[in-house]
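Residue numbers (the numbering used here): 237 to 320.
Glycine included, every Cβ here is placed at the ideal spot set by N, Cα and C.
Report on the structure given below.
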Amino acid sequence: MISQDKAEEYLQVAALVCQEIDLLAMVAKDETLTLEELRAQILHVQETKDDIISDPIGRQKRYKAACIVWAAVSQGSVRSEPIG
237 MISQDKAEEY
247 LQVAALVCQE
257 IDLLAMVAKD
267 ETLTLEELRA
277 QILHVQETKD
287 DIISDPIGRQ
297 KRYKAACIVW
307 AAVSQGSVRS
317 EPIG
């Protein structure tokens, strides 16, 4: 059985990875982006993925920020689709 701390870490990593995948899907559907801009987004995710796993403080900050955004979207305070 894993510890509560490890379970929380796994939850945060999974949530942030899913968020990155959703973001990439939104970017891929944006017909105004150039191929170079799409590549830049993919490379950015690749460059920051290790931080999600190995930097606990950075991961916790990103997770808390994501939770705030998710709460705002679920309450209708923020649009969940890009404008335009």
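Extent of the continuous alpha helix (DSSP H) run through E256: As a working note, residue 256 is residue 20 in the sequence shown. Counting along the chain, the alpha helix (DSSP H) containing E256 begins and ends at 240-265.
Separation of E272 from Q282, as counted between CA atoms: Within the sequence shown, the letter at position 46 stands for residue 282. Within the sequence shown, the letter at position 36 stands for residue 272. So the alpha carbons of these two residues sit roughly 15 Å apart.
With 16 other Cβ atoms within 10 Å as the buried cut-off, status of Q193: Since the first residue shown for the chain is 237 and the last is 320, residue 193 is missing from the structure and cannot be characterised.
CA nearest to the CA of E244, picked from Q296, A302, S310: Sequence index remark: in the sequence shown, residue 244 carries index 8 (1-based). The candidate whose alpha carbon is nearest that of E244 is Q296.
C-beta contact flag for L252 and I278 at 8 Å: Translated into the one-based positions of the sequence shown, residue 252 becomes position 16. Translated into the one-based positions of the sequence shown, residue 278 becomes position 42. No, Cβ-Cβ distance for L252 and I278 is not below 8 Å.
Limits of the alpha helix (DSSP H) - the one that T284 falls within: In the sequence shown, the residue the question calls residue 284 occupies position 48. Element bounds for T284: 271-290.
E267, buried or exposed, once every other Cβ within 10 Å from all chains shown has been counted against 16: Locating residue 267 in the sequence shown gives position 31, where the first residue counts as 1. Counting Cβ neighbours within 10 Å, E267 comes out exposed, since fewer than 16 surround it.
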